[in-house]
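S.K.:
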Amino acid sequence: MNILSIETSCDETAISVVRADGSFPNATYTILGNALWSQTDIHAEYGGVFPALAKREHIKTIIPMYTKALAEAGMLHTRTEPPKTPLDTKRLNEICNHEEGLAEALAQLFEDYEKPAVDYIAVTNGPGLEPALWVGVNTAIALSTLFNIPVIPVNHMEGHVLASLLEDGALASLAFPALALLISGGHTEFVVMESWDTYNKVGATRDDAVGEAFDKVARLLGLPYPGGPALSKLARIARERDLPRYTTLPRPMINSHDLDTSFSGLKTAVRYAIADKEIQDDDRHSIAREFEEAVTDVLLAKTHTAVDQYGIQSLIIGGGVSANTYIRSAFQDFFAREYPKLKVHIPEPALSTDNSIMIALGGHAHIKNAYQPSETSQIRADGNLSFAK
Ligand code: KG4
Ligand code: ZN
29 MNILSIETSC DETAISVVRA DGSFPNATYT ILGNALWSQT DIHAEYGGVF PALAKREHIK
89 TIIPMYTKAL AEAGMLHTRT EPPKTPLDTK RLNEICNHEE GLAEALAQLF EDYEKPAVDY
149 IAVTNGPGLE PALWVGVNTA IALSTLFNIP VIPVNHMEGH VLASLLEDGA LASLAFPALA
209 LLISGGHTEF VVMESWDTYN KVGATRDDAV GEAFDKVARL LGLPYPGGPA LSKLARIARE
269 RDLPRYTTLP RPMINSHDLD TSFSGLKTAV RYAIADKEIQ DDDRHSIARE FEEAVTDVLL
329 AKTHTAVDQY GIQSLIIGGG VSANTYIRSA FQDFFAREYP KLKVHIPEPA LSTDNSIMIA
389 LGGHAHIKNA YQPSETSQIR ADGNLSFAK
């Protein structure tokens, strides 16, 4: 089975073609084609992602990502004769009513290329930036209409969970109950999984997400967007040089006896620490380190609590912030030492941040037994879509 997957929830435009052999969760996956365009350079100028700008960029790049992924998969075939069923321009315009220029690009695609050899189209329908999500969703619906391929809406966060489990082309076997710690630009959630499809949220941030905190503190330190990787680099330098501590930051809610977090105070604390001061490069490095360690201390303490409280047998860490090397090794070291039997699943760095391979996995998770694809008219982008109750 071949799945074409589309991800446009934030500032990555990504399309892949993934072949699944076998049924979920015991299938093997082969990435036939994978195309990803990151808009971060465009957003860097403004220090954050602007939804309208993200939408415009997605519209511009989504068809090139489609042709790139399909060409890589050897599935992009130029038409040798005109399509049997003519293009329904009116319908296409209706679908892409709010995405200026998309209907025309899709019409051209339909004129140029044959139906690809894919069985399903999986698309992120939330959570994320709604105008950005709609570009992916409407592209999926349009492709479905043009080529008669069913669409499976996929929750972005479920995609992150599954991406963490992909090892050598198969999903790791999972001991339940499992705990997923999802840390990204928009989310910080503790989710308990009793089985492959039961997700219960047991804790979350009360204000900023971890990635958001990284980005905001990075900005205070004069670093470009997205701040996470840049800040992490400074922190590493501070560790390597063993720089003295510039300031001590709080570990918010570390003793709160629940699984909620709060990170907005950290950003405020950094702001106060540097206000009216001329900070030097070394100070910046040192603050970055202290911030990274404060965040890690809190996440580790909360995860430890959750593991005990729910008798957790395996731990999944997912979302963009799981690309952070310090956090990765802090978790690996702690659990290897304290809970040697607990398996810790962390995605390979390329699959930590947003991508479409994880959406193909999410789509495959839904194609079980007699899956009835949704009526495309029922599929809606939902910025606040939740998958864990
Ligand atoms: O999952 P993701 O790609 O997009 C969302 O769904 O939000 O996560 C993006 C977030 C950004 O806030 C980015 O700064 C952060 O992940 N991030 C990192 C690192 N790489 C990405 N944060 C800390 N360290 C990193 N190495
Ligand atoms: Zn994400």
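Every number in this note's numbering is 28 more than the matching position in the sequence shown, counting from 1. Virtual Cβ for every residue (Gly too), placed ideally from N, Cα, C.
1) At a threshold of 7 angstroms, does Asp382 count as lining the ligand ZN (C-beta to nearest heavy atom)?
2) Does the distance from the CB of Ile344 to the CB of Leu207 come in under 8 angstroms?
3) Leu157 and Ser37 - do their beta-carbons sit closer together than 8 angstroms?
4) In angstroms with no decimal places, state the Cα-to-Cα distance between Ser314 and Leu210.
5) Starting from Leu343 and walking both ways along the alpha helix (DSSP H), at which residues does that stretch end?
6) In the DSSP output, what is Tyr274 paired with across the bridge?
7) Name the residue from Gln406, Leu130, Ile180, Gly76 whose alpha carbon lies nearest to the alpha carbon of Thr152.
8) Mapping the DSSP letters down to three states, classify Tyr94 as helix, strand or coil.
9) Could you check how far apart the C-beta atoms of Thr89 and Thr41 are, in whole angstroms? I think they sit under 8 angstroms.
10) Using C-beta distances below 6 angstroms, list every residue in its chain close to Arg107, excluding the 5 sequence neighbours before and after it, in chain order.
11) On a Cα-Cα basis, can you pick out the residue from Ala48, Asp39, Ser44 that is closest to Lys29?
12) Sorry if obvious, but does the Cβ on Gly347 come closer than 7 angstroms to a heavy atom of the ligand MG?
13) According to DSSP, what are the bridge partners of Arg47?
14) Where Ala301 and His71 are concerned, what is the direct C-alpha to C-alpha distance, given to the nearest angstrom?
15) Which word fits Pro110, buried or exposed, when buried means at least 16 other C-beta atoms lie within 10 angstroms of its C-beta?
16) Between the beta-carbon of Pro278 and the beta-carbon of Leu294, is there less than 8 angstroms?
17) Using only the alpha-carbon positions, how far apart do Val372 and Ala388 sit?
18) Assuming Ala206 is part of the beta strand (DSSP E), what are its boundary residues?
M.R.: Once the coordinates are examined:
1) Position 354 of the sequence shown, counted from the start, is the residue given in the question as residue 382. At least one heavy atom of the ligand ZN lies less than 7 angstroms from the C-beta of Asp382.
2) Taking the first residue of the sequence shown as position 1, residue 344 is located at position 316. Taking the first residue of the sequence shown as position 1, residue 207 is located at position 179. The Cβ atoms of Ile344 and Leu207 sit closer than 8 angstroms to each other.
3) Residue mapping note: residue 37 aligns to position 9 of the sequence shown, counting from 1. Residue mapping note: residue 157 aligns to position 129 of the sequence shown, counting from 1. In contact: Ser37 and Leu157 (Cβ atoms closer than 8 angstroms).
4) For the purposes of this step, residue 314 is identified with residue 286 of the sequence shown, where counting begins at 1. For the purposes of this step, residue 210 is identified with residue 182 of the sequence shown, where counting begins at 1. If you take the alpha carbons of Ser314 and Leu210, they lie about 26 angstroms apart.
5) For the purposes of this step, residue 343 is taken as residue 315 along the sequence shown, with counting starting at 1. That residue, Leu343, is in no alpha helix (DSSP H); its beta strand (DSSP E) goes 342 to 346.
6) As a first step, residue 274 is located in the sequence shown; it is residue number 246 there, counting from the start. Note: Tyr274 sits in no beta bridge, so no partner.
7) Residue 152 sits at position 124 when you count from the first residue of the sequence shown. When each option's Cα is compared against that of Thr152, the closest is Ile180.
8) Counting from 1 along the sequence shown, the entry for residue 94 is found at position 66. Correct three-state label for Tyr94: helix.
9) Stepping through the sequence shown from its first residue, residue 89 is reached at position 61. Stepping through the sequence shown from its first residue, residue 41 is reached at position 13. With a beta-carbon spacing of about 4 angstroms, Thr89 and Thr41 fall inside the 8 angstroms limit used to define contacts.
10) Mapped onto the sequence shown, residue 107 falls at position 79. For Arg107, where only same-chain residues beyond five positions count, the Cβ hits under 6 angstroms are Glu142.
11) For the purposes of this step, residue 29 is identified with residue 1 of the sequence shown, where counting begins at 1. The sequence as given places Met at residue 29; Lys does not occur at that position. The candidate whose alpha carbon is nearest that of Met29 is Ala48.
12) By its list of ligands, the structure shown excludes the ligand MG, since it contains just the ligand KG4 and the ligand ZN.
13) Here residue 47 corresponds to residue number 19 of the sequence shown, with the count starting at 1. Answer is Asn30, Thr58.
14) Within the sequence shown, numbered from 1, the residue matching residue 301 stands at position 273. Within the sequence shown, numbered from 1, the residue matching residue 71 stands at position 43. Each residue's Cα considered, the two are about 27 angstroms apart.
15) Taking the first residue of the sequence shown as 1, we reach residue 110 at position 82. Pro110 counts as exposed, since fewer than 16 other beta carbons sit within 10 angstroms of its beta carbon.
16) On the sequence shown, residue 278 is found 250 positions in, with the first residue counted as 1. On the sequence shown, residue 294 is found 266 positions in, with the first residue counted as 1. A distance below 8 angstroms separates the beta carbons of Pro278 and Leu294.
17) Residue 372 sits at position 344 when you count from the first residue of the sequence shown. Residue 388 sits at position 360 when you count from the first residue of the sequence shown. Val372 and Ala388: Cα-Cα distance of roughly 23 angstroms.
18) Taking the first residue of the sequence shown as position 1, residue 206 is located at position 178. Note, Ala206: beta strand (DSSP E), 206 to 211.
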